[in-house]
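Going letter by letter, the sequence shown gives residues 54 to 401 in the numbering used here.
These notes concern the structure reproduced below.
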Amino acid sequence: MNPYVLMILMSSLGLGTTLTFASSHWLLAWMGLEINTLAIVPLMAQHHHPRAVEATTKYFLTQATAAAMILFASTTNAWISGEWDMNSMSSPIASTMLIAALALKIGLAPMHFWMPEVLQGLDLLTGLILSTWQKLAPLALIIQTAQAIDPLLLTTLGLMSTLVGGWGGLNQTQLRKILAYSSIAHMGWMIIILQYAPQLTLLALGTYISMTSAAFLALKLSSTTKISTLAMTWSNSPILTTTTALVLLSLGGLPPLTGFMPKWLILQELTKQSLPLTATVMALAALLSLYFYLRLCYAMTLTISPNTANSITPWRIKTIQTSLPLTLSTAIALGLLPMTPAILMLAT
């Protein structure tokens, strides 16, 4: 892609998200979401491949539907209350329509069906943007309007997303689909705690972005998109394989790694709010997700590929990909757990 066009599209992505962050008026927020969607569509379709075009079409249709629902909900609210302000969501019908639209935007269950299919048709870098940056603007709107939304609805969305995210990823062989279900599950964790401790939602979002970035960039560096080719990465770059396995375990939420921190704090907060049953279901759903991460780690580190590489030794070939973002995101994804008290002090 032409670097000038790429710069314009990236700037538009940043502008759309910033516009939504800064807005208190529904039309301005809607405009930001639309700029965001229109900026990523050319990035998704840049590889002239039927799968990419199909993924782009599916993504555009779902996002356009969600944007129309947001516009309809905000107009309904303005009609009833006479206010376009985000903080005056007085109509329960409008707020329910709004959360349904925003759930469709970020791929919460049961509005998640587009997410794995779209992510499967994209290259890893565009998939990374879709899984991280594109979640920010809708999540900002959900956090701003959370007090007007029925708590039972938020809890249901959160529980369904973690269960579907864990259950759906079990049978997959494509890494991008596994990461899509992982994204759905993490969004569920963020939504369920939103009404009780919004700062924990932001903490979970920050750790999710760092871990997902590390996972996508590691797969990009090793050019891997299927479980069957994961077994060949060990002979190419043992250190990258080790750190990628640890990043995947961090995504699963195992204790010595960063991914354990948001899960631990969210379960603790749910228990404090006298919701032990919800906390138990969330912990069991996390076990489902952990299974498929362990499956990936097993394929990477404990199996040897039946294929033999007849090329020259790969570690002598200079890579042209930049590895600084991968290094930084991997360091954050693996080592932040000891800093939990400091992060909590900053968050509260």
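Where a beta carbon is used, it is the ideal one built from N, C-alpha and C, also for glycine.
Quick caveat, the model's predicted, so the values are computed rather than measured.
Check, Outcome
"Straight-line gap, Leu-379 to Ser-235 (C-alpha atoms, nearest Å)", "19 angstroms"
"Gln-374 (DSSP reduced to helix, strand or coil)", "coil"
"Meets three-Cβ-pair contact criterion under 8 angstroms: the segment 188-202 and the segment 214-222", "no"
"Inter-residue Cα distance where the pair is Tyr-346 and Gln-252", "27 angstroms"
"Rounded distance between the beta-carbons of Leu-318 and Leu-256, thought under 8 angstroms", "7 angstroms"
"Identity of the residue in Arg-348, Asn-224, Leu-301 and Gly-67 nearest Tyr-261 by Cα", "Leu-301"
"Candidates Leu-157, Ala-156, Leu-210 and Thr-109: closest to Gly-174 by CA position", "Thr-109"
"Spatially closest choice to Thr-383 from Leu-228, Ile-133, Thr-324 and Thr-296, by CA coordinates", "Thr-296"
"CA-to-CA distance, Thr-331 to Leu-337, given in whole angstroms", "10 angstroms"
"Contact the segment 97-113 vs the segment 130-140: 3+ CB pairs below 8 angstroms", "no"
"Continuous alpha helix (DSSP H) stretch holding Ala-271: start and end", "251-274"
"As assigned by DSSP and simplified to three states, the class of His-78", "strand"
"Proximity below 8 angstroms, CB of Leu-247 to CB of Ala-199", "yes"
"Pair within 8 angstroms by beta-carbon distance, Ser-275 and Leu-293", "yes"
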